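A short worksheet on the structure shown next.
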Amino acid sequence: MLATVRTYIEAHHLLEPDSRVVVALSGGVDSVCLLHLLCDLGYVVTAAHCNFHLRESESERDEAFVRNLCNDIHIPLFVRSFDTSGYAAEQGISVEMAAREQRYAWFEQLRQQHELGAICVAHHMNDQAETLLLNLKRGTGLRGLAGMKPKNGFIVRPLLCVTRRQIEAYAAEQHYPFVTDSTNANTTIRRNAVRAILAAASDTEIRHMALTAERMQQYDALLAALLHGETLPADTEPTLLYELLRPYGFNGSQAADMQAALTTSGKRFETEHFTAYTDHGELRVQSKKLRDTAPTLVRARRAIKTKECLPAATDDYALFDADTLPDRLMLRHWQDGDYFFPICNHGRARKKKLQDFFSDQKMSIREKNTTWLLCNADKPEEIIWVIGHRISDPYKITDKTQQVAELQIE
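Residues in the sequence shown are numbered consecutively from -2, following our numbering.
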C-alpha cells in the first residue's frame, strides 16, 4: 500500500518532498495508518487530535491512546478539547457540523502558526462512496457528485486511492494498534446508515463509485473553465479527450493511455470502426472503413513505342515493364518489416526498409498509414509500387522492354 499512496501523492501533487505536515489523528485505523505511511514516506509529520467530549469515557480513551502512540514513535502531538455541544447550540447547527467546523478551523490555525505545508486527513475510497451516496439521497448536482477532492486548499487526502479493507489489512499486517469508535455502529446517524449499506459492496464496486466522483470532479472543473474562459486544468485533459473520442467508440481507459502517449509517435489504439494514433504530439483518428477500402486499379498493356518519351510517375499513374509484372496484383497498407528496391537509374538498386523510405520522404504517421502499396498477390511481401512515391526497380522500363503496362489508380 505504501507504493500506491506514494504514486497517488505524486500524481495529484498533494505534497512536496520532505513537506512538514499535520495529520488529523483520531486514533482510528484510518488515521493511524495515514500517520505511519507519511512517516515511512519521509515527510516531517506532526499530529493533531480533537477531543469533542461527545462519547464520555471513549473520548478520554482516544486522547490517551494518541498521546501514547505519538510518544512511542516520537511524533509531536497537539491536543485540543472542544465544547462541541455548546457550540452547536450557539450556532444553531448539528453536532456533526459543529465538530467539523471546529476541527478544521483549529487545523488551519496550527498550519499557519507552525508554517506547515498541508493538513492531511484520512478519508479513503469508502468515505468517497459514502459522500457520493449521501449527496444523491438529498439531491445534488455535478458538484455534489464530485465528492471530496484529493486536495482542497491546504487539506489533502492521500488515502483516497485505497479502500477501507485495504487499510485494515495493512494495519493488521504491520501490527498497528488503533481504537474503534463505538458510535460507528449507530445507524441513526446518516453517514453510518449509508456505511452499513456499503458494507455489502465489494472493493471493486467501491472503486467504481470513487472513480465516478473523480470523473465528476474533472467534469466540474472542465465546465467551470469553459464557462469562464479559463485555461483548462491539466487534470481535465483526459476527460476532455474522452468526450472528444467517445463518439468513435473509445473508452475512458484508452483516452487516459492516449493522453500519456501523446509525446510519442506511432502508438495505435483501436475500436471496431476507428483507429487512433499519435503523431508527433498530435492525435489522429481514422476510419477503418475508409482506410481499408482499396482504390480501383486499372491495368492496360501495349507495345512500347519507338523513341517513346516516358512520363514520370504521378500520384495515381505509372508505367512498368509488362513482362516483369505478376498476373495477380493486390493493394495493401504497409506493415512492420516491409522493404523494397526503390527505382535506380544508375548502378544497382539497393534494398531499403519501407519505414526508412517513409522517413527519408518526411512523411507523417497519417501519410504512412494511408499510403497504398501495389504488391504481388501471390507474394504479398513483394512490393511493386509505393503508390504516389516510387516504383520498385525490378519492374521499371529499360531499353530491353517490349511491352508496357499502364497502371492507373482510381
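In this text, a Cβ means the ideal position worked out from N, Cα and C, and glycines have one as well. Remember, it's a predicted structure, so these values are computed and weren't measured experimentally.
Helix, strand or coil at residue i [DSSP, three-state]
i      : result
Ser284 : strand
Met213 : helix
Gln88  : helix
Phe271 : strand
Arg329 : strand
Trp103 : helix
Arg347 : coil
Gln358 : coil
Val118 : coil
Tyr40  : coil
Leu22  : coil
Tyr239 : helix
Ile380 : strand
Phe62  : helix
Asp448 : Residue numbering for the chain in the displayed model covers -2 to 407; residue 448 lies beyond these limits and cannot be assessed.
Asn48  : strand
Cys372 : strand
Ala300 : strand
Asn189 : helix
Ser78  : strand
Gln125 : helix
Asn342 : coil
Neighbourhood of residue i by C-beta distance below 7 Å, restricted to the same chain and skipping five residues each side
i      : result
Gln365 : Note that residue 365 corresponds to Lys in the displayed sequence, not to Gln. Cβ neighbours of Lys365 beyond the five flanking positions: Trp331 and Phe355.
Ile152 : Ile116 and Val118
Gly24  : Asp59, Phe62, Val63, Phe175 and Val176
Ser28  : Val20, Ala21, Leu22 and Ala119
Neighbourhood of residue i by C-beta distance below 6 Å, restricted to the same chain and skipping five residues each side
i      : result
Thr233 : Gln215, Ala218 and Leu219
Cys67  : Ala44 and Leu74
Ala252 : Pro235, Leu238, Tyr239 and Leu242
Ala95  : Thr81, Tyr84 and Ala85
Ala291 : Leu328
Trp369 : Leu328 and Ile384
Buried or exposed (CB count within 10 angstroms, at least 16 for buried), residue i
i      : result
Leu139 : exposed
Asn123 : buried
Cys30  : buried
His111 : exposed
Lys285 : exposed
Leu208 : exposed
Lys393 : buried
Leu22  : buried
Arg299 : exposed
Arg154 : buried
Ile194 : exposed
Pro377 : exposed
His46  : buried
Cys341 : exposed
Arg108 : buried
Gly144 : buried
Leu34  : buried
Ala186 : In the sequence under discussion, the amino acid at residue 186 is Ile, which differs from the Ala named in the question. Classification of Ile186: exposed, given that the 10 Å Cβ count is below 16.
Pro244 : exposed
Residue i CB to nearest heavy atom of the ligand HEM below 8 Å
i      : result
Arg281 : Ligands in the displayed structure: none, and consequently the ligand HEM is not present.
Residues near residue i by beta carbon distance below 8 Å, same chain, minus five either side
i      : result
Asp320 : Thr398, Gln399 and Gln400
Ile301 : Ile394, Thr398, Gln399, Gln400 and Val401
Leu280 : Leu238, Met255, Leu259, Ala273 and Tyr274
Gln99  : Cys47, Phe49, Phe79, Thr81 and Tyr84
Lys348 : Tyr336, Phe337 and Phe338
Arg162 : Asp200
CB of residue i within 9 Å of CB of residue j, strictly
i      : j      : result
Leu371 : Leu326 : yes
Leu294 : Thr275 : no
Val2   : Ala119 : no
Leu156 : His121 : yes
Ala221 : Thr128 : no
Gly39  : Asp69  : no
Phe337 : Arg296 : no
Asp283 : Arg363 : It should be pointed out that residue 283 corresponds to Gln in this sequence rather than to Asp. Taking 9 Å as the Cβ cut-off, Gln283 and Arg363 qualify as a contacting pair.
Ser199 : Glu55  : no
Ala203 : Thr137 : Per the sequence shown, the amino acid found at residue 203 is Ile instead of Ala. No, Cβ-Cβ distance for Ile203 and Thr137 is not below 9 Å.
Phe271 : Gly249 : no
His277 : Ser361 : yes
Leu11  : Asp37  : no
Asp335 : Leu351 : yes
Pro323 : Glu379 : yes
Trp103 : Arg77  : yes
Glu407 : Leu316 : no
Leu142 : Met213 : yes
Asp313 : Gln405 : yes
Thr261 : Cys158 : no
CB-CB length for residue i against residue j, believed under 8 Å
i      : j      : result
Leu32  : Ile72  : 7 Å
Leu131 : Val92  : About 17 Å separates the two Cβ atoms, so there is no contact after all.
Val26  : Ala126 : 17 Å between Cβ atoms; not a contact.
Arg17  : Gly89  : Wrong, their Cβ atoms sit about 37 Å apart, outside the cutoff.
Asp396 : Ala346 : Contact doesn't hold; Cβ gap of about 16 Å is too wide.
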